[in-house]
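**Q** Here the numbering used here is used: the first residue of the sequence shown is 1, the next is one more, and so on. Using N, Cα and C, we set each Cβ at its ideal position, and we do this for glycine too. Encoded as structure tokens, here's the structure I'll be asking about.
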Amino acid sequence: MNDNNDIQDIRATICIVGAGPAGTYTALSLAKQGVPSLLIDKAVFPRDKACGESLTSGVMRCLQRIDPTLLQDPAFTKARQVVNGVRLYAYNGKNFFLPYRSEANIALGIDSSIGIRRLDLDNILLDVAKKQPLIQVLEGVHIQSVERVGDGLKLSSKDGGHQIMTDLVVVANGYNSRLVKQLTQWDWADETDACGLTAFYRDVEGLSDSEMAECFLMDELKTGAMYVMPVGKGVVNVNIAIRNDIRKRYDINLRETLAEVLGTHPVLKKRFANAKPLGKPMGSGYHLGTRKRPVSGDNYLLVGDAGGFNDALTANGIAHAMESADIAVRHILKNWEARQFTAEALRQFDKEVYRKFRQKRQLGFLSTPMMTHPKLFRWFANVSFGFSGGSETLGKLMYAKNVWRVLASPSFHFSLLKMVGEKVVIGFKTKFGKVADAGA
Ligand SMILES: Cc1cc2nc3c(=O)[nH]c(=O)nc-3n(C[C@H](O)[C@H](O)[C@H](O)COP(=O)(O)OP(=O)(O)OC[C@H]3O[C@@H](n4cnc5c(N)ncnc54)[C@H](O)[C@@H]3O)c2cc1C
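Laid out in structure tokens, this is it:
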């Protein structure tokens, strides 16, 4: 509790809770359109956040849009590592390289993908916000409760030191938000989610200063994956992501698994033989983003992880955080003149945001049977990673604008059949060969 009974009463037409990518991006986009906001975070920056720290091409374009000088700023260029693709390893060690190459980004003259510590990225973005006269930033203020007062909302801090009256709260405070529970009827327990663990290392052989990430599927993680990512300044981020239902079903302890596989996996043990850990591993969760929920209502909008938006297959939630913020800003601007932030006035936000993420939601939904059946997933990965056209076939599905169109296309099924056929022929040849050898 606040000891000196000094309560700060603040009035802000728009209050954004959470200064991660979703919140800061919302504040910056509003300021660009001349709209003021109050941006609050419980942490004092720089602060860290468990994340794979891989910025996709979409995030790069968002950053370019929000501030065209940002990507060239030395604070940014010194902190980041360009990443030109990922080598994906199946359970049996078969692997292929998936390039990160975005024609749209190349046309804009910006990198297609980078790795950057969240410690740096979120701090750089908040610094840009702090320089904006239309954004008031409050750090170290933990908003604990929200209640309806008249036509607006009252937010109260945990230590009792701050009370904020607002017409619209943009909830951007990340995974498992208590404010979301208070404002909506959501029960997070109903939602399938995933969890992750992030650890940092120096002196990782072949990766500390590399432009390539690596992703490993391994029996210890069932349908989860380990992602190894260079994130600048010689640091490598090791990140495990796994569905919580799978982690619980197989009683997987992520910290123990991390320590074990870095010392035993045939590729990783060489990479990490002389690696030095930096600090302790951090854990966090995220929702898979496969379920639709109301994400707006009287006087509120949910953006980023607080809205449950993520990417079930890749966990790339920063793009969704910024894109949902973009859409939120459009709907705020529509209602700004009239200061009308009723559920009715904001309802179109839900439609637009779910339309935007439709393809990722469909992929997440369609991949569920595979991701919940480790044996099936293992078989599929082992077959497709070893197949010469495997990367193209998987790429077609992962980067499709319309998943159903890909699934309906004969060429996609032809590639799948070829893949399975190749596996059957190899299996047959191996068996036949063994019989022939034995008889010789
Ligand atoms: C293991 C793991 C790996 C991931 N890897 C990637 C990846 O490689 N690439 C990618 O794009 N995404 C990745 N993600 C997802 C990504 O981290 C999130 O989608 C992204 O951080 C969401 O941004 P956000 O702004 O919505 O929330 P957050 O980044 O969580 O920010 C929320 C902010 O709100 C503040 N806050 C929380 N509660 C309060 C409160 N009550 N009052 C005031 N402030 C509050 C927090 O301090 C924080 O600063 C990963 C996630 C996990 C868990």
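Between which two residues does the beta strand (DSSP E) holding Val238 run?
**A** First-last of the beta strand (DSSP E) with Val238: 235-243.
**Q** For Ala440, collect the residues of the same chain with a Cβ closer than 6 angstroms to its Cβ; drop the 5 residues on either side in sequence, then sort them by chain order.
**A** With a pLDDT of 29 at Ala440, under the threshold of 50, the predicted position of this residue should be treated as unreliable, though the coordinate-derived value follows. No residues qualify anywhere along the chain.
**Q** Anyone know if the C-beta pair for Leu268 and Leu262 falls short of 9 angstroms?
**A** For Leu268 and Leu262, yes; Cβs fall inside 9 angstroms.
**Q** Near Pro230, what residues of its chain come up, given a Cβ to Cβ distance below 6 angstroms and the 5 sequence neighbours on each side ignored?
**A** Result list for Pro230: Gln81, Gly115, Leu207, Ser210, Val236, in chain order.
**Q** Where do the ends of the beta strand (DSSP E) carrying Pro281 lie?
**A** Taken as a continuous stretch (DSSP letters only), the beta strand (DSSP E) holding Pro281 covers 276-287.
**Q** I'd like to check one pair, Ala381 with Leu217: are the Cβ atoms closer than 9 angstroms?
**A** Going by C-beta atoms, Leu217 is nearer than 9 angstroms to Ala381.
**Q** What did DSSP end up calling Ala194 once you bin it into helix, strand or coil?
**A** Here Ala194 sits in strand by DSSP.
**Q** Helix, strand or coil for His162? Go by DSSP, reduced to three states.
**A** Strand.
**Q** When you compare each of Ile242, Gln340, Lys32 to Asp311 by their alpha carbons, which one comes out closest?
**A** Among Ile242, Gln340, Lys32, the Cα nearest to that of Asp311 belongs to Ile242.
**Q** Is any non-hydrogen atom of ligand 1 found closer than 8 angstroms to the C-beta of Asp481, if you look at the structure I gave you?
**A** Outside the shown range of the chain, which is 1 to 440, sits residue 481, and nothing can be said about it.
**Q** For the beta strand (DSSP E) containing Glu147, list its first residue and its last residue.
**A** That run of the beta strand (DSSP E) goes 143-149.
**Q** Roughly how far, in whole angstroms, is the beta-carbon of Asn299 from the beta-carbon of Leu179, given that I think they are within contact range, below 8 angstroms?
**A** About 12 angstroms separates the two Cβ atoms, so there is no contact after all.
**Q** When you compare only the Cα positions, how much space is there between Thr192 and Tyr100?
**A** Their Cα atoms are separated by approximately 29 angstroms.
**Q** For Lys130, tell me which candidate among Gln33, Lys222, Leu28, Asp245 has the shortest Cα-Cα distance.
**A** Of the listed residues, the one whose Cα sits closest to Lys130 is Leu28.
**Q** Please find out if some non-hydrogen atom of ligand 1 comes closer than 8 angstroms to the beta-carbon of Arg358.
**A** The answer is no for Arg358.
**Q** For Arg449, does the three-state DSSP call read helix, strand or coil?
**A** Residue 449 is absent from the model: the chain starts at 1 and stops at 440.
**Q** Under a three-way DSSP split, which group does Asn293 fall into?
**A** In the sequence as presented, Asn is not what sits at residue 293; that position holds Arg. Three-state DSSP puts Arg293 in coil, outside helix and strand.
**Q** Do Val329 and Leu30 have their C-beta atoms closer together than 9 angstroms?
**A** Going by C-beta atoms, Val329 is nearer than 9 angstroms to Leu30.
**Q** Use the C-beta contact count for Leu88: other C-beta atoms within 10 angstroms, 16 or more gives buried, fewer gives exposed.
**A** By the 10 Å Cβ count, Leu88 comes out buried.
**Q** Compare the Cα-Cα distances from Ala172 to each of Leu108, Ala325, Phe97 and report the closest residue.
**A** When only C-alpha atoms are compared, the closest one is Ala325.
**Q** Taking the alpha-carbon positions, what's the Val17 to Ser157 distance?
**A** Distance between the alpha carbons of Val17 and Ser157 is about 11 angstroms.
**Q** Considering only their Cβ atoms, is the gap separating Gly52 from Asn316 smaller than 9 angstroms?
**A** Contact: yes.
**Q** Report the option in Thr372, Gly85, Asp127 whose CA atom is closest to the CA atom of Ser112.
**A** Per the Cα distances, Gly85.
**Q** Exposed or buried, which one is Leu63 when buried takes at least 16 other CB atoms within 10 Å?
**A** So Leu63 counts as buried.
**Q** Which of the three DSSP states, helix, strand or coil, is assigned to Cys51?
**A** The answer is coil: DSSP assigns Cys51 none of H, G, I, E or B.
**Q** Reducing DSSP to helix, strand and coil, say where Asp9 ends up.
**A** Strand.
**Q** Measure how close the beta-carbons of Gly196 and Ser284 come, nearest whole angstrom, since I'm counting them as under 8 angstroms.
**A** Going by Cβ atoms, the distance from Gly196 to Ser284 rounds to 6 angstroms, so yes, they are a contact pair.
**Q** If we call anything under 9 angstroms between Cβ atoms a contact, is Tyr227 one with Glu214?
**A** Closer than 9 angstroms, so yes.
**Q** Please classify Arg249: is it buried, with 16 or more other beta-carbons within 10 angstroms of its beta-carbon, or exposed?
**A** Arg249 comes out exposed.
**Q** I need the straight-line Cα distance from Lys270 to Ala259, nearest angstrom please.
**A** Distance between the alpha carbons of Lys270 and Ala259: 14 angstroms.
**Q** Whole angstroms are fine: how far does the CA of Thr223 sit from the CA of Pro369?
**A** Roughly 11 angstroms separates the two Cα atoms.
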